[in-house]
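Down below is the structure, laid out as structure tokens.
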Amino acid sequence: MMEKNYQFDLIEEKWQKHWEENNIFKSCENADLPKYYTLEMFPYPSGNLHMGHVRNYAIGDVVARFKKMRGFNILHPMGFDSFGLPAENAAIKHGVPPAEWTYANIENMKKQLKTMGISYDWDREVATCKPDYYKFTQWMFLKLYENDLAYKKSAAVNWCPSCQTVLANEQVVDGACERCETVVEKKKLSQWFFKITDYAQRLLDNLEVLPGWPEKVKTMQRNWIGRSEGCEFDLAIEGREEKMTVFTTRPDTVFGVTYMVLSPEHPLVDVISAGTEHEAAVKEFVHRMQFISDVTRTSTDTEKEGVFTGAYAINPMNNEKIPIWIANYVLMDYGTGAIMAVPAHDERDFDFARKYNIPIRVVIKGEDSPAEGDQMKEAYTGPGKMVNSGDYDGLAYEDGKKKITAYMESIGIGKGTINFRLRDWLISRQRYWGAPIPIIYCDDCGPLPVPEKDLPVLLPENVAFKPSGESPLTYVQSFYETVCPCCGKPARRETDTMDTFVCSSWYFARYCDPHNTELPFAKDKTDYWMAVDQYIGGVEHAILHLMYARFFTMFLHDIKMLSVEEPFTNLLTQGMVLKDGSKMSKTKGNVVSPEEIIKTYGADTARLFILFAAPPERDLEWSDQGVEGSYRFLNRVWRIVTECMEMIQDVNLPETFAELDPEARELRYRTHAAIKKVTEDIEERFNFNTAISAIMELSNSINSYRNQEELDLPVLKEAIEAMLLLLSPFSPHITEELWQYCGHQDSVYSQSWPKWDESALVKDEVEIALQVLGKVRDRVMVPSEISNEELEKIALANERVQEFSQGKQVVKLIVVPGKLVNVVVK
RNA sequence: GCCAGAGUGUCGGAAUUGGCAGACGAGCGCGACUCAAAAUCGUGUGCCGUGAGGCGUGUGGGUUCGAGUCCCACCUCUGGCACCA
Numbered sequence: 001m002m003e004k005n006y007q008f009d010l011i012e013e014k015w016q017k018h019w020e021e022n023n024i025f026k027s028c029e030n031a032d033l034p035k036y037y038t039l040e041m042f043p044y045p046s047g048n049l050h051m052g053h054v055r056n057y058a059i060g061d062v063v064a065r066f067k068k069m070r071g072f073n074i075l076h077p078m079g080f081d082s083f084g085l086p087a088e089n090a091a092i093k094h095g096v097p098p099a100e101w102t103y104a105n106i107e108n109m110k111k112q113l114k115t116m117g118i119s120y121d122w123d124r125e126v127a128t129c130k131p132d133y134y135k136f137t138q139w140m141f142l143k144l145y146e147n148d149l150a151y152k153k154s155a156a157v158n159w160c161p162s163c164q165t166v167l168a169n170e171q172v173v174d175g176a177c178e179r180c181e182t183v184v185e186k187k188k189l190s191q192w193f194f195k196i197t198d199y200a201q202r203l204l205d206n207l208e209v210l211p212g213w214p215e216k217v218k219t220m221q222r223n224w225i226g227r228s229e230g231c232e233f234d235l236a237i238e239g240r241e242e243k244m245t246v247f248t249t250r251p252d253t254v255f256g257v258t259y260m261v262l263s264p265e266h267p268l269v270d271v272i273s274a275g276t277e278h279e280a281a282v283k284e285f286v287h288r289m290q291f292i293s294d295v296t297r298t299s300t301d302t303e304k305e306g307v308f309t310g311a312y313a314i315n316p317m318n319n320e321k322i323p324i325w326i327a328n329y330v331l332m333d334y335g336t337g338a339i340m341a342v343p344a345h346d347e348r349d350f351d352f353a354r355k356y357n358i359p360i361r362v363v364i365k366g367e368d369s370p371a372e373g374d375q376m377k378e379a380y381t382g383p384g385k386m387v388n389s390g391d392y393d394g395l396a397y398e399d400g401k402k403k404i405t406a407y408m409e410s411i412g413i414g415k416g417t418i419n420f421r422l423r424d425w426l427i428s429r430q431r432y433w434g435a436p437i438p439i440i441y442c443d444d445c446g447p448l449p450v451p452e453k454d455l456p457v458l459l460p461e462n463v464a465f466k467p468s469g470e471s472p473l474t475y476v477q478s479f480y481e482t483v484c485p486c487c488g489k490p491a492r493r494e495t496d497t498m499d500t501f502v503c504s505s506w507y508f509a510r511y512c513d514p515h516n517t518e519l520p521f522a523k524d525k526t527d528y529w530m531a532v533d534q535y536i537g538g539v540e541h542a543i544l545h546l547m548y549a550r551f552f553t554m555f556l557h558d559i560k561m562l563s564v565e566e567p568f569t570n571l572l573t574q575g576m577v578l579k580d581g582s583k584m585s586k587t588k589g590n591v592v593s594p595e596e597i598i599k600t601y602g603a604d605t606a607r608l609f610i611l612f613a614a615p616p617e618r619d620l621e622w623s624d625q626g627v628e629g630s631y632r633f634l635n636r637v638w639r640i641v642t643e644c645m646e647m648i649q650d651v652n653l654p655e656t657f658a659e660l661d662p663e664a665r666e667l668r669y670r671t672h673a674a675i676k677k678v679t680e681d682i683e684e685r686f687n688f689n690t691a692i693s694a695i696m697e698l699s700n701s702i703n704s705y706r707n708q709e710e711l712d713l714p715v716l717k718e719a720i721e722a723m724l725l726l727l728s729p730f731s732p733h734i735t736e737e738l739w740q741y742c743g744h745q746d747s748v749y750s751q752s753w754p755k756w757d758e759s760a761l762v763k764d765e766v767e768i769a770l771q772v773l774g775k776v777r778d779r780v781m782v783p784s785e786i787s788n789e790e791l792e793k794i795a796l797a798n799e800r801v802q803e804f805s806q807g808k809q810v811v812k813l814i815v816v817p818g819k820l821v822n823v824v825v826k
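Residue numbers (my numbering): 1 to 826.
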């Protein structure tokens, strides 16, 4: 029975149930149809959806439903990134086991997600904390290990004292923990790494073949990978056996070296300063540097300082004696931890040399650059010709780079190298709630991978949480006690777990074959579905998740598990949801709860508003009044359809619409203009806000048309049905209900997307603006087929035009057909 | 400091290829309905001016018949990078 009023709560519940019971959104491979894989970044199950989620999933659902109606075979799954620290914190705080807390949150969030009415195939749901999933996260580790891409090493790593675990470089932002903003410390520990640096060049190069990614994200990844090309070479140290090795991108400036710098942590520092009069000062400096955090030390604001070590290196190009210093601005973990300093052509070296009165020698002369170091106000880093460089004088600096590198190579002291800023990915975490690293330590056989058949290495339950620097699993004897898979003697399991970013680096492939118990996924399934055609999520993952996932995909491609090399063909990074100009947060007290909004206005209104308020990439300002507006619009749609229903229900649409009266023609024009506009806005630009405004315009047109006395019912029906179909990806429940009222049996979701009729877009008459000197003075209606000559005549004869060109001479006439005539006078 | 992106009514935002700035929505004003209110419907709404008209897309200049859009300089905001040799 038809309800008189728009009762969103009844309608939404009814259709959600209907969709679920009829498996409307279930997807399977179908070779006859082109596939389309839409994916939104899966959430961490914190327990409640926030507006950012709603925005993310509303965008994804428009894409999925639109593509479905456009004839694609859709994969649109959802799941949970369910390992991670909050579960452990909750366990400590509330005494609930992490697993219990997590599963309860998943249930609640799933319930909330279902009230949004998104077209997910829930049969494909994954949760990374379930053994059937993390079994294959461990499988990934084993494959990386087999291929020498997982290794353990002792290194100074980032330690978050609050989270009580180590972090990857990517998870340290401005020297602080990405999660809790605590300043991280350096700790020397033995940890597991993935050799992502082996893929540095490919991660960089492939960005070129990702035209569907925002330039912003690609730039961030390029910066992070930080490739630089240069030359590494050895220098003898006066009176010693040892050599020092430096990396430089400017071998062309090697004749301008006036001092060398070692990082304070460099192993040679102690050796070369020992026994010199400078030893005490060096020791003091090194000691002092230990207590300065990396953030401070690597900030551009920090003043450069250093001390002379007492030792000298020999410049291999001219045998000059060069003093070796140590300084705060040279870092141990980039390049070789040592540099050649050329103050004339490097800003940092210049500042340092000025401070300590070290000579500045010009070796590159640009067009207007100073020739003498003393005259310089700043370092000259531009192009130029080599000077003061012996046989190399007169060479262009680029040629100099090549020639000097080649020379060093020929005498066996150096070689051309490429340095990356990217570090290997530290994946061990001293935490309980993660996938255990599948490694066994045997006193006799060493560290060994857990045999594939023994996966998964199950996480034990009932674990005590003691705040210490060690994994809680180190206290669980039943977990760590095992036998060596090689010799059968008692052995010990690795007690660290994996970074949760490992779990999310391959989930998109698991969705293609989520119930496979033998393999993470079967190749024929991923061959059909991968890559993800449209990936949608927050820009905060620009480096972290998006780079790790690319790395995994390349690796899986290399071991022939995946055909694709890149996981995400198109990427949309959505903006944040703001309230009163800032991000919604509990501390600011400006949080709007999606649950409340859906309860008060319904999911259709919530979705519509969030898509209407701003284009998807931009930040969105939440507005309660804006929500009211969207709600009013849906009510208007409801009234239009229910009030016209009886008239149009039994009307058949003709093949062609001939002989229409002007009003009906106008409505048809507007209907088809709306179809065109909405289609192009979604398809080409993801401009959902303007697509919605076009639907609103159509509804306004229908509304005024239906108040007339004589109605052309087929035209009215066509307009109303087009409006419902166009609106259905945005607000699926109300359109489903009204679609049925119009006499249809099938779901709107399974309808074909409407096509516009070009002939309906042809107008008899168009409005032309008449300008004098670029200012609009009048507007006239003219036949659309009018010739330029005719238009010119009309313009010149126009009263208003004459008024404004009186006493002046017409110099020129500009005609833009269908738009305007501009009369140029003098 | 460097590199992106942005700056348009009271507000969110539109203008797709250099061609009528302000679509759509919100807010506000007026009117209808109502005992009244809400809802709804209709209508108006960039600024100045009684009016004719003038002005108007961060600022200043330029190109053009015509500039929110192109060029130059500058200001502000947002994001990213920032001793990476």
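Here a beta-carbon is modelled for each residue, glycine too, at the ideal position from N, C-alpha and C.
Measure the C-alpha to C-alpha separation of residue i and residue j and round it to an integer number of angstroms.
i	j	result
E242	A155	24 Å
M1	G602	Low confidence applies here, because M1 scores a pLDDT of 43, under 50, leaving its location unreliable; read the following figure in that light. In a straight line, the C-alpha of M1 is about 20 Å away from that of G602.
W529	C512	6 Å
N5	Q649	19 Å
R240	K152	34 Å
I768	V821	7 Å
E697	A674	8 Å
T605	F688	14 Å
I610	Y749	21 Å
E40	F552	18 Å
K586	M51	13 Å
G47	G446	42 Å
T892	N22	With the chain covering only 1 through 826, there is no way to say anything about residue 892.
K812	M781	22 Å
D533	V63	10 Å
G774	F66	42 Å
Return the bridge partner residues of residue i from the DSSP annotation.
i	result
M244	L235
N419	S228
V96	Answer is none; V96 lacks a bridge partner.
L572	I536
G212	N570
P323	Y312
Secondary structure at residue i, three-state DSSP: helix, strand or coil?
i	result
V63	helix
I360	coil
N22	coil
D424	coil
M1	Bear in mind that the predicted position of M1 carries a pLDDT of just 43, short of 50, making it too unreliable to give a figure here.
N318	coil
T165	strand
S297	Note on residue identity: the sequence assigns Arg, not Ser, to residue 297. Helix at R297.
N769	Looking at the sequence provided, one finds Ala at residue 769 rather than Asn. It is a strand residue.
Quiz prompt | Cβ contact (3+ pairs, closer than 8 Å) linking the segment 357-367 and the segment 250-264 | solution = yes
- Counting only runs that start and end within the segment 435-507, where is the alpha helix (DSSP H) found for 4 or more residues in a row? 477-480 and 500-503
Check whether the segment 560-572 and the segment 586-599 touch, using three or more Cβ-Cβ pairs below 8 Å as the test.
no
Subject >> Three CB pairs or more closer than 8 Å across the segment 121-130 and the segment 61-80 >> reply: yes
Query raised in the report: Per the contact definition of three or more C-beta pairs closer than 8 Å, is the segment 565-579 in contact with the segment 155-174?
Result: no
Check your understanding: Between the segment 55-74 and the segment 486-495, do three or more beta carbon pairs fall short of 8 Å?
Key -> no
Ignoring anything shorter than 3 residues or poking outside the segment 35-61, list the beta strand (DSSP E) runs there in chain order. 35-40
Where in the segment 535-610 do unbroken runs of the beta strand (DSSP E), each at least 3 residues long, occur, reported from the N-terminal end onward?
-> 568-574 and 577-579
**Stretch-stretch touch, CB-based, cutoff 8 Å, three pairs: the segment 193-210 with the segment 369-386** = no
Which residue spans inside the segment 606-667 form an unbroken alpha helix (DSSP H) run of at least 4? 624-648
- Would you check if the segment 404-415 and the segment 100-117 touch, i.e. whether three or more CB-CB distances between them fall below 8 Å? no
Give, in chain order, every unbroken run of the alpha helix (DSSP H) that is at least 4 residues long and sits entirely within the segment 178-212. 200-205
Using 8 Å as the Cβ pair cut-off and three pairs as the minimum, do the segment 573-584 and the segment 5-19 touch? no
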